[in-house]
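Protein chains in written order, with the working numbering: chain A, 1 to 458; chain B, 459 to 916. Using N, Cα and C, we set each Cβ at its ideal position, and we do this for glycine too. All values reported here derive from a predicted model rather than from experimental measurement. Here the structure is laid out as structure tokens; the discussion comes afterwards.
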């Protein structure tokens with residue numbers, strides 16, 4: 001196919017092979033942790049009826065509609081295709097999947113889902129039009145016990161703690177809707193929901209402006225504003241937030257319940273990975289307009305705070321409902337692209353080589369290709385990724401070819417039955433006799449390592 | 459979110475968790491084989507400019523166009539969004555990716571790519587609107603040696619041979635464009651391309667009709683038609699096709715070259731997996747309108763021939779070109795959804811359980827949850843997927859819960875420091891003392907097995 005040289009599409013990031021190998025390793029790590037905790041994998045189709053995506057309400061500009069090209073000109077043809085759009089998260093499709101398959105699932109149902117999602121928004125720092133999310137949710141019929149809130153926090157905490165050491169430290173910030181809601185009720189706020197929405201903007205808007213908004217838009221008096229801002233400023237890495245809230249002297253049953261739940265989450269996550277993942281109670285966190293009803297999560301990457309939260313979620317009293325049965329749920333969504341792409345872009349995360357191959361088998365001449373292939377097959381049979389030189393060029397050139405790709409070993413097959421095979425370590429230059437049926441590279445060379453060295457020798 | 463009970467969308471298949479676990483295992487197997495051969499993973503964005511998808515030519519009805527919902531009413535707004543469509547294969551995006559990143563890739567470049575693709579066609583047996591493909595390609599600058607044709611055949615052959623034993627036997631059918639093209643040239647066919655297109659329909663259209671078409675539409679005489687049909691009827695599992703072609707007495711240099719290449723592919727794949735994957739020369743295979751120039755592949759699944767080819771590909775002299783450099787390539791695409799979904803539908807492929815968990819840790823009472831979680835953590839720390847009972851119901855009920863999910867073991871934590879933990883094998887009913895720091899289930903119970911038993915105990 002003849003083409004002009006194409007240019008990247010803004011908001012649709014693509015990775016180079018070395019970066020994709022790092023992403024794959026990280027995804028494999030997530031899957032391992034999720035499955036160790038009994039979370040089952042699902043994938044949902046990329047499209048949903050637009051009606052479902054918009055919740056039957058107002059049309060959302062961020063949705064990508066999908067139509068057969070032949071039907072694009074026809075207006076009013078939406079029904080023929082069902083009026084489809086690309087999903088913008090994994091929660092709406094999961095809720096639909098649960099309703100559709102409720103009779104074939106066992107509850108509480110734990111699932112993980114790692115997929116692309118699409119949003120038609122303006123691309124900007126950390127925001128993409130196509131990106132990968134990794135979601136876990138636990139969903140039950142009618143009632144979901146609180147201990148599952150602790151469970152998802154713990155599982156996602158373990159996932160974050162197991163990220164490569166090059167990923168900057170992460171701060172999992174937890175709060176509970178009942179806390180802020182109960183507190184606002186307890187101080188007699190006239191518009192609790194409005195005040196929650198204002199307080200949720202605390203990390204984007206100066207505190208004085210928030211104070212003004214609370215007064216003018218939500219009808220709080222000066223004393224109420226003061227105590228609200230004191231409450232929202234509470235941030236602790238242990239359960240001492242409980243005493244600090246109590247010191248404000250506000251009484252409310254929901255507030256008490258929220259304090260107990262949040263303290264339980266903090267305690268369960270205390271031993272995660274000190275220095276790598278810190279967990280803290282942060283009473284500002286309210287998750288804006290989302291329909292959370294209890295525990296809420298956000299996550300910041302230290303040094304990359306401008307990205308916003310890279311891992312968010314919480315508890316819904318009703319993740320899905322078909323009118324007869326209600327499905328409460330709790331879940332967290334890791335923004336994998338939002339986390340990784342800035343780290344690829346600034347070189348924080350990179351692979352030790354550009355190909356999976358640990359060994360390049362050198363080719364003496366084209367006539368030896370079959371025998372050379374047998375050496376490669378012997379190595380592969382023992383799990384060593386191996387490629388054979390494309391052409392029987394001078395050995396120096398073949399070695400430089402391996403170097404350019406970051407392949408750590410070059411294998412020289414024996415040239416006569418009585419001679420020996422030899423293998424050269426590109427890094428050290430050392431070359432030793434070796435048997436293709438027994439030789440193994442050190443474990444750190446067997447698979448692609450993260451950031452052991454620059455990804456090319458150039 | 460309150461919703462009506464949703465119905466599946468025709469042509470957009472979704473898997474149950476147990477099926478997805480099987481698909482994941484199979485994809486992991488593909489990745490392992492591809493990477494052992496040095497193929498690097500890439501993913502491309504889901505969308506391409508429509509102009510690129512249509513090759514600048516006529517608009518293809520099978521393409522799904524993608525537009526921001528807010529822009530759907532506007533005609534002539536294509537440029538604002540670049541006029542995007544969902545990719546319908548992985549070849550067009552790969553060609554574009556190579557051109558876009560040519561300066562950052564080392565050639566010959568081996569890549570694998572496992573992704574969803576979308577086609578707006580009528581859903582019917584084995585045809586979907588959203589489906590997963592697994593592609594491998596090797597691409598070079600200017601010249602790609604023939605031995606890479608053998609390499610991709612061999613790698614995909616190994617992949618097919620490593621599929622679960624429940625997958626029916628597969629027949630990899632290979633031919634070479636040069637053969638049919640050279641043969642038609644050698645007999646003096648006036649319209650070689652037209653005759654190739656007609657012969658390609660041999661598996662859908664009766665032979666007599668093909669004969670008539672060759673006469674009426676491509677200008678062959680009766681004697682030429684006869685020898686053509688004899689040629690196209692040649693199918694051998696070894697290199698004896700060479701003698702049978704030569705016996706037809708047609709001379710042509712391209713024919714000779716094709717015979718040599720095809721014989722080399724057959725020889726290299728002879729030892730793959732007798733009984734599981736057979737490889738044969740099938741001289742009818744021409745791959746219709748595709749731009750192949752040498753080796754061509756198709757694959758049939760025995761007993762499922764109506765699905766058509768589940769794994770196809772071949773050699774392009776120009777997979778991509780930017781006007782200055784031409785990139786020849788050779789590749790094969792495995793239609794993973796087309797292969798797996800019929801086997802899920804008829805129960806040929808199923809998982810031994812519905813969740814990853816190998817162990818359910820029973821809960822004596824809610825007060826023991828923390829201690830019970832520690833047992834689960836000890837098991838997970840040694841790679842055993844484990845979940846804890848959601849509620850402290852009677853043990854009989856907890857055991858039935860495990861049974862329903864197909865979890866093979868239930869763990870009963872000790873109730874006092876001086877008592878012992880016990881583990882029950884659900885299948886045998888045997889219950890024995892066990893230590894969470896040393897106990898291991900048999901390997902076949904550790905991960906989900908394929909079709910060891912029906913997926914539920916009901």
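- Message: For residue 915 of chain B, would you say it is in contact with chain A, using Cβ-to-Cβ distances shorter than 9 Å as the test?
- Response: Note on residue 915 of chain B: pLDDT 41, under 50, position unreliable in the model; no value is reported.
- Message: Along the chain, where does the beta strand (DSSP E) containing residue 661 of chain B start, and where does it finish?
- Response: Run containing residue 661 of chain B: none; DSSP gives neither H nor E here.
- Query: From residue 797 of chain B to residue 805 of chain B, what does the alpha carbon distance come to, in whole angstroms?
  - Reply: 13 Å
- Message: Residues of chain A with CB closer than 8 Å to the CB of residue 574 of chain B, please, in chain order.
- Response: 46
- Between residue 386 of chain A and chain B, is there a C-beta pair that is closer than 9 Å? Closer than 9 Å to some Cβ of chain B, the Cβ of residue 386 of chain A qualifies, so yes.
- State the DSSP-derived secondary structure class of residue 875 of chain B, mapped to helix, strand or coil. If DSSP states are grouped into helix, strand and coil, residue 875 of chain B belongs with coil.
- Query: Thinking C-beta only, is residue 55 of chain A closer than 9 Å to residue 178 of chain A?
  - Reply: no
- Item | Entirely enclosed alpha helix (DSSP H) segments - the stretch 711 to 762 of chain B, minimum 4 residues | 711 to 726
- Message: Distance check for residue 578 of chain B and residue 77 of chain A, CA to CA, integer angstroms please.
- Response: Here the model assigns residue 77 of chain A a pLDDT of 49, short of 50, so the residue's position is not dependable, and the following value carries that caveat. When rounded, the distance between both Cα atoms is 14 Å.
- Item | chain B residues whose Cβ lies nearer than 8 Å to that of residue 50 of chain A | 527
- Item | Cβ of residue 453 of chain A within 9 Å of any chain B Cβ | Confidence at residue 453 of chain A is low in this model, with a pLDDT of 44, below 50, so the placement of that residue should be treated as unreliable; the coordinate-derived value is given next. Taking 9 Å as the threshold, the shortest C-beta distance from residue 453 of chain A to chain B does not fall below it.
- Query: Quick one: is residue 425 of chain A near chain B, going by C-beta distance under 9 Å?
  - Reply: no
- Query: Comparing the C-beta of residue 206 of chain A with each C-beta of chain B, is any distance below 9 Å?
  - Reply: Residue 206 of chain A has a beta carbon lying at 9 Å or more from every beta carbon in chain B.
- Task: For residue 17 of chain A, I'd like the list of residues in its chain whose CB is within less than 8 Å of its CB, leaving aside the five on either flank, ordered along the chain.
- Result: 354 and 355
- Query: Tell me which same chain residues have a C-beta within less than 6 Å of the C-beta of residue 694 of chain B, skipping the five on either side of it?
  - Reply: 739
- Task: Work out the CA separation of residue 197 of chain A and residue 180 of chain A for me, nearest whole Å.
- Result: 11 Å
- Query: Mapping DSSP to helix, strand and coil, what is residue 799 of chain B?
  - Reply: helix
- Would you report the Cα separation of residue 442 of chain A and residue 410 of chain A, rounded to the nearest angstrom? 14 Å
- Within this structure, are the beta carbons of residue 111 of chain A and residue 46 of chain A separated by less than 9 Å? No, the pair does not count as a contact, with Cβ atoms beyond the cut-off.
- Span separating the alpha-carbon of residue 558 of chain B from that of residue 7 of chain A: 6 Å
- Using a C-beta to C-beta distance shorter than 7 Å, which residues of chain A count as neighbours of residue 482 of chain B? 41
- Query: Hey, residue 286 of chain A and residue 200 of chain A are a contact pair by Cβ (cut 8 Å); roughly how many whole angstroms apart?
  - Reply: 4 Å
- Message: Give me, in chain order, the residues of the same chain whose beta-carbon lies closer than 8 Å to that of residue 14 of chain A; leave out the 5 immediate sequence neighbours on both sides.
- Response: 8
- Query: Are the beta-carbon atoms of residue 255 of chain A and residue 146 of chain A separated by less than 9 Å?
  - Reply: Taking 9 Å as the cut-off, the Cβ atoms of residue 255 of chain A and residue 146 of chain A do not count as close.
- Query: Per the contact definition of three or more C-beta pairs closer than 8 Å, is the stretch 779 to 798 of chain B in contact with the stretch 582 to 601 of chain B?
  - Reply: yes
- Message: I want to verify the contact list: residues of chain A whose CB lies under 7 Å from the CB of residue 813 of chain B, in sequence order.
- Response: 38 and 40
- Task: Please report the residue range of the alpha helix (DSSP H) in which residue 397 of chain A lies.
- Result: 395 to 405
- Are the CB atoms of residue 345 of chain A and residue 398 of chain A nearer to each other than 9 Å? No, the pair does not count as a contact, with Cβ atoms beyond the cut-off.
- Just curious, the alpha helix (DSSP H) that residue 491 of chain B is in, first and last residue? 475 to 494
- Task: Kindly indicate the opening and closing residues of the alpha helix (DSSP H) around residue 151 of chain A.
- Result: 147 to 161
- Locate the alpha helix (DSSP H) running through residue 685 of chain B, then write down its first and last residues. Taken as a continuous stretch (DSSP letters only), the alpha helix (DSSP H) holding residue 685 of chain B covers 680 to 690.
- Item | Cα-Cα separation between residue 671 of chain B and residue 704 of chain B, rounded to whole angstroms | Cα to Cα, the separation comes out at about 25 Å.
- Which one of B:468, B:822 and B:818 has the shortest CA to CA distance from residue 837 of chain B? B:818
- Determine the burial state of residue 292 of chain A: buried for a count of at least 16 other Cβ atoms within 10 Å of its Cβ, exposed for fewer. With 16 or more other CB atoms across the displayed protein chains lying within 10 angstroms of its CB, residue 292 of chain A is buried.
- If you compare alpha carbons, which of A:414, A:343, A:413 and A:276 is closest to residue 159 of chain A? A:276
- Within 10 angstroms of the Cβ of residue 488 of chain B, are there 16 or more other Cβ atoms? Answer buried if so, exposed if not. When all chains shown are included, residue 488 of chain B counts as buried.
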